[in-house]
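*Asks:* This is the structure I want to talk about, given as structure tokens.
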Amino acid sequence: MIARTDYAARLLAWFDVHGRHDLPWQHPRTPYRVWLSEIMLQQTQVRVVIPYFERFVDALSDVRALADAPQDTVLALWSGLGYYARARNLHAAAQRCVELHDGDLPRDLDALLALPGIGRSTAGAILSQAWGDPFPILDGNVKRVLARRHAVDGWPAQPKIEKQLWAIAETLLPDTRLADYTQAQMDFGATLCTRHNPACLLCPVNEDCAAFAQGRVDELPTPRPTKALPEREASLLLLEDAKGRVLLEKRPPTGIWAALWSLPQAEDDARAVDWLRMHAPGLIDAVDLDTPQRLLPVQHGFTHFKLRLRPLHWSGLPARHRVGDNDRLRWVARDELATLGIPAPIRTLLLAPRIALED
DNA sequence: AACTCGGGGGA
DNA sequence: TCCCCAGAGTT
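By full-length UniProt numbering, the letter at position 216 of the first sequence is numbered 216, and the numbering carries on one by one without gaps.
Right, here's the structure in full:
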């Protein structure tokens, strides 16, 4: 068995040559930028994150700017990344940093864990990368690398397995170059010890890998147990006035697409018309309620179910008419869409609506 | 321990 | 298509 420091040393030597040294959050590598990148990178790949990261730090360049920003601005900058609770937690955490930590991120594990959106792995990534403190991480890359290196059977998200992997990660932690070590593990997992077709023959630590020795690299880590996804349906109301403005509704603060702006939604077409009668009695004379343009359904997949949205399009509504009587409903011009947090499939629908073919 | 939260990209 | 990806919060 290769010694602990030898493992880190080999990984770091590999990192110096083959690692990624030009990621935007590495220059400069401030706590705020490291934190923001780590939150964005939860469940999201580097290639996708980079343009969002650059746009975000350009608009909100430090903790105080983030704390002072309206929630709609933060969600607009996040729009398209998904997992919007990350953005809401990030925003709330920034405000707490202003209240409790003088506008800085705390250099303390428990204080970081107390902030919304920061768990053990993200806290470890922040402490090691921003300050070089000796804390391990356990993201998807590290789980895969360690499950192979130690031939750990079982789905890594399973609590029992995850506990084993944390223990292994602790034992491998080096004494120096903690920031580089953290980055090295992620680069190693992302580019060499990949899920499919890992480059084992080029691997700097292959002689110490149990899965490699046993010829089980392809079957580790154990994949997530599969199960069929349920399917849900709903109708969308796409109301458009003569000037091309569309009516958006702010979604409730919890659940799917929480606090984002979307189209009014109903269980089915009949209830969609009911909604229209309820919220816009004055429109009954202005439009033919029963003959909206039927648009191509929007198919969207979530982790736990599939959603099929059938949009009904009423256009040319009187511009003077005002639907609704609270700030959850809002007529929005096309060029205002970029300033709001809008779910990706809804944004696509608004920018490129497609008429349903006759069936 | 099980469930809840999006979206994109690769095989 | 299916699966995965720099996870965390809630129940």
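In this text, a Cβ means the ideal position worked out from N, Cα and C, and glycines have one as well. Values in this document were obtained by computation on a predicted structure and should not be read as measured data.
(1) Are there 16 or more other CB atoms within 10 angstroms of the CB of Asp359, so buried, or fewer, so exposed?
(2) Between which two residues does the alpha helix (DSSP H) carrying Asp58 extend?
(3) Who are the Cβ neighbours of Glu233 in its own chain at under 6 Å, not counting the five residues just before and after it?
(4) Excluding the 5 residues preceding and the 5 following Val98 in the sequence, name in chain order all residues of the same chain whose CB lies nearer than 8 Å to its CB.
(5) Where DSSP assigns a beta bridge to Lys306, which residues make up the other side?
(6) Is DSSP giving Val332 helix, strand or coil here?
(7) DSSP puts Leu238 in a beta bridge; with which residues?
(8) Taking the CB atoms as reference points, tell me whether Ile11 and Phe188 lie closer together than 9 Å.
(9) Got a sec, what are the start and stop residues for the alpha helix (DSSP H) Leu247 sits in?
(10) What residue does the alpha helix (DSSP H) around Ile39 start on, and which one ends it?
(11) Throw me the rounded Cβ distance for the Leu312 and Leu237 pair, which I believe falls under 8 Å.
(12) Output yes or no for whether 9 Å exceeds the beta carbon distance between Leu337 and Leu351.
(13) Quick check on Trp257: does DSSP put it in helix, strand or coil?
(14) Using the beta-carbon count (16 or more within 10 Å), is Ala213 buried or exposed?
(15) Starting from the N-terminal side, write out each stretch of the alpha helix (DSSP H) that is 4 residues or longer and does not extend beyond the stretch 128-176.
(16) Would you tell me roughly how many angstroms separate the C-alpha atoms of Trp261 and Leu276, rounded to the nearest one?
(17) Per DSSP, what are the beta-bridge partners of Leu289 in this structure?
(18) Using the Cβ count rule (16 or more neighbours within 10 Å means buried), how would you classify Met278?
(19) What separation, rounded to the nearest whole angstrom, lies between the Cα atoms of Pro70 and Arg88?
(20) How about residue 367 and Leu247: are their beta carbons less than 9 Å apart?
(21) Would you identify the three-state DSSP class for Ala69, choosing helix, strand or coil?
(22) Which residues does DSSP pair with Gln265 in a beta bridge?
(23) Measure how close the beta-carbons of Ser79 and Ile342 come, nearest whole angstrom, since I'm counting them as under 8 Å.
(24) Quick check on the burial criterion: 16 or more other C-beta atoms within 10 angstroms. Buried or exposed for Lys27?
(25) If distances are taken between C-alpha atoms only, which option among Val48, Trp25, Thr191 comes closest to Val57?
(26) Any idea if Phe302 is buried or exposed, counting beta-carbon neighbours within 10 angstroms, 16 or more meaning buried?
(27) The alpha helix (DSSP H) with Pro345 in it runs from where to where?
(28) I think Gly154 touches Thr254, with their Cβ atoms under 8 Å apart; what is that distance to the nearest whole Å?
(29) Less than 8 Å between the CB atoms is what I'm expecting for Leu192 and Cys209, so what's the real figure, rounded?
(30) So, using beta-carbon positions, are Leu172 and Val152 closer together than 9 Å?
(31) From Ser315, Arg55, Leu77, pick the residue whose C-alpha is nearest to that of Leu295; which is it?
(32) So Ala179 and Ser128 are in contact, right, with Cβ under 8 Å, and what is the actual spacing, rounded?
(33) Rounded to whole angstroms, what is the Cα-Cα separation between Arg4 and Ala169?
(34) Within a Cβ cutoff of 8 Å, which residues of the same chain sit near Asp104, ignoring the five residues on either side of it in sequence?
(35) Using only alpha-carbon positions, find the residue among Asp327, Val217, Ser37 that is nearest to Leu201.
(36) Is it right to say Arg86 is buried, meaning 16 or more other beta carbons lie within 10 angstroms of its own, or is it exposed?
*Replies:* Based on what the coordinates show:
(1) Because Asp359 sits at a pLDDT of 39, beneath the cut-off of 50, its placement in the model cannot be relied upon, and the following sentence gives the value as read from the coordinates. A residue is called buried once 16 or more other Cβ atoms fall within 10 Å of its Cβ, and Asp359, having fewer, is exposed.
(2) Counting along the chain, the unbroken alpha helix (DSSP H) around Asp58 starts and ends at 46-59.
(3) If we look at Glu233 and ignore the five residues flanking it on each side, its Cβ neighbours are Arg308.
(4) The residues are Val63, Arg64, Ala67.
(5) The beta-bridge partner set that DSSP reports for Lys306 consists of Glu231, Gly301.
(6) Reduced to three states, the DSSP call for Val332 is strand.
(7) Beta-bridge analysis with DSSP links Leu238 to His313.
(8) Sequence inspection shows Leu at residue 11; the Ile mentioned does not correspond to that position. It is a contact, given that the beta carbons lie within the stated cut-off.
(9) Going by DSSP, Leu247 is part of no alpha helix (DSSP H) but of the beta strand (DSSP E) stretching over 246-250.
(10) That run of the alpha helix (DSSP H) goes 31-40.
(11) Yes, they are in contact, since the Cβ atoms of Leu312 and Leu237 sit about 6 Å apart, within 8 Å.
(12) Against a cut-off of 9 Å, the Cβ pair of Leu351 and Leu337 comes out as a contact.
(13) Coil.
(14) Result: exposed.
(15) DSSP runs (the alpha helix (DSSP H)) wholly in the stretch 128-176: 140-149, 159-172.
(16) Taking the straight line from one Cα to the other gives about 18 Å.
(17) None, per the DSSP bridge assignment.
(18) Exposed.
(19) Straight-line Cα distance between these residues: approximately 11 Å.
(20) Because residue 367 is not part of the residues shown, which for the chain are 1 to 359, the question remains open.
(21) Note: Ala69 maps to coil in three-state DSSP.
(22) Answer by DSSP bridge pairing, in chain order: Leu236.
(23) The pair is a contact, with the Cβ atoms about 5 Å apart (cut-off 8 Å).
(24) Per the sequence shown, the amino acid found at residue 27 is His instead of Lys. Exposed is the call here.
(25) Among Val48, Trp25, Thr191, the Cα nearest to that of Val57 is on Trp25.
(26) Under this definition Phe302 is an exposed residue.
(27) First-last of the alpha helix (DSSP H) with Pro345: 344-351.
(28) Beta-carbon to beta-carbon, Gly154 and Thr254 are separated by about 32 Å, too far to satisfy the 8 Å threshold.
(29) Not really, about 12 Å apart at Cβ, beyond 8 Å.
(30) No. Outside cutoff.
(31) Taking only the C-alpha atoms, the option nearest Leu295 is Ser315.
(32) 6 Å between Cβ atoms; contact.
(33) So the two alpha carbons sit approximately 10 Å from each other.
(34) The beta carbon of Asp104 sits closer than 8 Å to those of Pro31, Val63, Cys97, all from its chain and outside the five residues before and after it, given in chain order.
(35) That would be Val217, whose Cα lies nearest to the Cα of Leu201.
(36) It counts as buried.
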